Amino acid sequence: MRILLFNLIFVALLPRKFHTELDNQDKKIIFPTGSASIAAFEDLFKQYYAQLVVYACKYVSDTDIAREIVQDFFVRLFEKRQTLSIDVSVKSYLYRSVYNCCINYINQRNIQEKHLKNIDLERDEEENLESEINMVELQKRIFDVIDGLPAKCQLIFKMNRLQGLKNEEIATQLNLSKRTVETQISKALKILRHKLSADIPVHLKT
Amino acid sequence: MDLIKMPIKLFVKKLTSTADSRDEQEFEHRIAEDPRVLKEYQLIQKIWNEAGNTGVFEHIDTDSDWKRVSAQIGLTVPTGYRRISWQGYFLRIAALVVLTFGLSYSLYHIITSQKKAGSEFIDLLADNTVREVVLPDGSSVSLNSGSKLVYRDDFGEVTRDVILEGEALFTVVPDKSHPFRVFINESMVEVTGTRFSVRDENGVIKVSVLSGTVLLSAKDIGTQKVSIEANQSGYLLASSNEIGVEEGIPVNNLSWKTGHLVFEETPIDSALLDIAHHFRKELSFESSVKEEITAEFQDQPLHEILKELELVAGLHFDTTRTTLIVRK
Numbered sequence: 236m237r238i239l240l241f242n243l244i245f246v247a248l249l250p251r252k253f254h255t256e257l258d259n260q261d262k263k264i265i266f267p268t269g270s271a272s273i274a275a276f277e278d279l280f281k282q283y284y285a286q287l288v289v290y291a292c293k294y295v296s297d298t299d300i301a302r303e304i305v306q307d308f309f310v311r312l313f314e315k316r317q318t319l320s321i322d323v324s325v326k327s328y329l330y331r332s333v334y335n336c337c338i339n340y341i342n343q344r345n346i347q348e349k350h351l352k353n354i355d356l357e358r359d360e361e362e363n364l365e366s367e368i369n370m371v372e373l374q375k376r377i378f379d380v381i382d383g384l385p386a387k388c389q390l391i392f393k394m395n396r397l398q399g400l401k402n403e404e405i406a407t408q409l410n411l412s413k414r415t416v417e418t419q420i421s422k423a424l425k426i427l428r429h430k431l432s433a434d435i436p437v438h439l440k441t
Numbered sequence: 023m024d025l026i027k028m029p030i031k032l033f034v035k036k037l038t039s040t041a042d043s044r045d046e047q048e049f050e051h052r053i054a055e056d057p058r059v060l061k062e063y064q065l066i067q068k069i070w071n072e073a074g075n076t077g078v079f080e081h082i083d084t085d086s087d088w089k090r091v092s093a094q095i096g097l098t099v100p101t102g103y104r105r106i107s108w109q110g111y112f113l114r115i116a117a118l119v120v121l122t123f124g125l126s127y128s129l130y131h132i133i134t135s136q137k138k139a140g141s142e143f144i145d146l147l148a149d150n151t152v153r154e155v156v157l158p159d160g161s162s163v164s165l166n167s168g169s170k171l172v173y174r175d176d177f178g179e180v181t182r183d184v185i186l187e188g189e190a191l192f193t194v195v196p197d198k199s200h201p202f203r204v205f206i207n208e209s210m211v212e213v214t215g216t217r218f219s220v221r222d223e224n225g226v227i228k229v230s231v232l233s234g235t236v237l238l239s240a241k242d243i244g245t246q247k248v249s250i251e252a253n254q255s256g257y258l259l260a261s262s263n264e265i266g267v268e269e270g271i272p273v274n275n276l277s278w279k280t281g282h283l284v285f286e287e288t289p290i291d292s293a294l295l296d297i298a299h300h301f302r303k304e305l306s307f308e309s310s311v312k313e314e315i316t317a318e319f320q321d322q323p324l325h326e327i328l329k330e331l332e333l334v335a336g337l338h339f340d341t342t343r344t345t346l347i348v349r350k
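Top line first, the protein sequences correspond to chains A and B.
In terms of the working numbering, the first sequence opens at residue 236 and continues consecutively.
In terms of the working numbering, the second sequence opens at residue 23 and continues consecutively.
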């Protein structure tokens, strides 16, 4: 039966980058009966997977469980892609679905936990979903830019932001002057600022 | 907004809390002069703060998780294949062929092997001498005698996993995208590129790091990991999952590889532990010993070392094939 899958069609019309201005435009998943596009499914996965895991993590508080939930979701999405109709943007759909998967997961766990979490969940659902999505997407963009920084610049920036080291400590560890550390951090921030110029102003509203 | 005119260095000083009073004054001055400076600062501050929250992404490996998902939905898509345009007809045949081969391959392995279907294990055993092994990724392993190293034939494709019984010294070729993991007893040692040794000492896993950084944890996913830096040793008690890091590397830690044993005012019982370990024997005390010794041995056989200790410390030894017995 698996063979049939290859004949089925999955095409996602996806924006390659996030510009919030585009968010209200149509970005629906369409399932035409044309040439097969498994690549589109892979692109969809690769574009959103990490963010969705981070997002799910906020509810299930465990990366491995979050990974499993998101992976299961993608498997089911692929399986039911023919009967699926999505009226909202792809992004909203993915986040909302993963959110529902998380609630299901939590509901299956013991009642006490369910009780505690539900209070948070209900509030999140109404008020925070949009800003949560923006936050996670922004963090992913920032991470991608950091990941693309020149090696030394990246190392220093990560030591400060991810390992929480002070400039002096970084300077000692890497045998550099404090000034060099500051220069590298300035460089990192300049690049980040430049590359994120399209994303930031909107998110800054909060 | 014109980025060049912004006092980015001043921003950095403020963000890293290294601004002195003069910097603060200048900052106030710049804000008063041009309100856009404050806006820009807030923006940079937002990036700065959010950047601190991105660490979680470092632990998500999208490509390897995609492989898991694509396997589940029946897409065994090797890289480089998907960009080619395929005709549905040809795909059907291809899928059939793949399925047929896949099934018979798995069946073959289920039938012919007691081990997991679909993967070959490569076993390396060091019998009586230290064995030097080069893994497919170029990393080298010195395997102490009596130790065993196992890895799968798909080593390096996604992860670089090996299973160790006994003791070994690893020199790992750096490759950030393929973590090198050593599974020993119930624990896991994870590195990207370093030089370190691992041994299982009756259920206590001991890791000594010569260069780079090593992560040590129990095998179960999600348990606490400790990071061991160069010139530190870590231990993990398999029974209780107690885990810790100590400064320094025991001086005779690599004697099995270097042939070099050195004692400096070492209590004789711990010196004997090192010697017994070096010759891979159990140690048995028939009377308690308290002396300290200072001595150095290079590639000397056990009986010579023991003779010297008999003279120096007035002890007597018996050796069996597996045990070193100590008495007054």
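Glycine included, C-beta positions come from ideal geometry on N, C-alpha and C.
Bear in mind the structure is a predicted one, so any value in this text is a computation, not a measurement.
Rounded straight-line distance, which links the Cα of residue j to that of residue i
i: residue 325 of chain B; j: residue 316 of chain B; result: 18 Å
i: residue 301 of chain A; j: residue 278 of chain B; result: 44 Å
i: residue 281 of chain B; j: residue 225 of chain B; result: 25 Å
i: residue 297 of chain B; j: residue 319 of chain B; result: 10 Å
i: residue 335 of chain B; j: residue 313 of chain B; result: 7 Å
i: residue 285 of chain A; j: residue 84 of chain B; result: 6 Å
i: residue 238 of chain B; j: residue 42 of chain B; result: 41 Å
i: residue 306 of chain A; j: residue 273 of chain A; result: 16 Å
i: residue 294 of chain A; j: residue 338 of chain A; result: 8 Å
i: residue 334 of chain A; j: residue 341 of chain A; result: 11 Å
i: residue 412 of chain A; j: residue 63 of chain B; result: 25 Å
i: residue 311 of chain B; j: residue 327 of chain B; result: 17 Å
i: residue 336 of chain A; j: residue 232 of chain B; result: 45 Å
i: residue 201 of chain B; j: residue 251 of chain B; result: 17 Å
i: residue 260 of chain A; j: residue 399 of chain A; result: Because residue 260 of chain A carries a pLDDT of 39, less than 50, the predicted location of this residue cannot be relied on, and no value is offered for it.
Residue i - containing beta strand (DSSP E), residue span
i: residue 265 of chain B; result: 265-269
i: residue 338 of chain B; result: 338-341
i: residue 282 of chain B; result: 282-289
i: residue 307 of chain B; result: 304-307
i: residue 95 of chain B; result: It is not in any beta strand (DSSP E) - residue 95 of chain B carries neither H nor E in the DSSP assignment.
i: residue 170 of chain B; result: 170-174
Cutoff 8 Å; reference residue i; Cβ partners in own chain excluding five residues on either side
i: residue 174 of chain B; result: 141, 142, 143, 144 and 183
i: residue 370 of chain B; result: With chain B represented from 23 up to 350, any question about residue 370 of chain B goes unanswered, as that position is not in the structure.
i: residue 247 of chain B; result: 212, 237, 238 and 239
i: residue 48 of chain B; result: 29 and 32
i: residue 297 of chain A; result: none
Contact set for residue i: own chain, Cβ-Cβ below 7 Å, skip 5 residues either direction
i: residue 208 of chain B; result: 240, 241 and 260
i: residue 420 of chain A; result: 391, 392 and 395
i: residue 329 of chain A; result: 283 and 287
8 Å Cβ cutoff, residue i in contact with chain B
i: residue 374 of chain A; result: yes
i: residue 277 of chain A; result: yes
i: residue 428 of chain A; result: yes
i: residue 443 of chain A; result: What the structure shows of chain A is the stretch from 236 to 441, and residue 443 of chain A is not part of that stretch, so it cannot be assessed.
i: residue 296 of chain A; result: no
i: residue 366 of chain A; result: no
i: residue 316 of chain A; result: no
i: residue 344 of chain A; result: no
i: residue 284 of chain A; result: yes
i: residue 381 of chain A; result: yes
i: residue 292 of chain A; result: yes
Contacts around residue i, its chain only, beta-carbon distance under 6 Å, and the 5 residues preceding and following it disregarded
i: residue 189 of chain B; result: 166, 169 and 221
i: residue 204 of chain B; result: 184, 186, 211 and 220
i: residue 338 of chain B; result: 349
i: residue 94 of chain B; result: none
i: residue 191 of chain B; result: 164, 219 and 279
i: residue 156 of chain B; result: 162
i: residue 255 of chain B; result: 230, 268 and 271
i: residue 371 of chain A; result: 286, 289 and 290
i: residue 430 of chain A; result: 380
i: residue 286 of chain B; result: 316
Enclosing alpha helix (DSSP H) for residue i [first to last residue]
i: residue 338 of chain A; result: 325-343
i: residue 319 of chain B; result: Element bounds for residue 319 of chain B: not the alpha helix (DSSP H) but the beta strand (DSSP E), 314-320.
Within-8 Å CB hit, residue i to chain A
i: residue 225 of chain B; result: no
i: residue 87 of chain B; result: yes
i: residue 101 of chain B; result: Its pLDDT being 44, under 50, residue 101 of chain B is placed unreliably by the model, and the measurement read from it follows with that caveat. Not closer than 8 Å to any Cβ of chain A, the Cβ of residue 101 of chain B fails to qualify, so no.
i: residue 82 of chain B; result: yes
i: residue 263 of chain B; result: no
i: residue 31 of chain B; result: yes
i: residue 280 of chain B; result: no
i: residue 95 of chain B; result: yes
i: residue 79 of chain B; result: yes
Any non-hydrogen atom of the ligand ATP closer than 7 Å to residue i Cβ
i: residue 259 of chain B; result: In the structure shown, the ligand ATP is absent, as is every other ligand, since no ligand is present at all.
Runs of beta strand (DSSP E) lying entirely within the stretch 192-225 of chain B, each at least 3 residues, in chain order
Correct list: 202-206, 209-213 and 217-223.
Complete alpha helix (DSSP H) runs within the stretch 23-65 of chain B (minimum length 4 residues, chain order):
Listed in chain order, they are 30-37 and 43-55.
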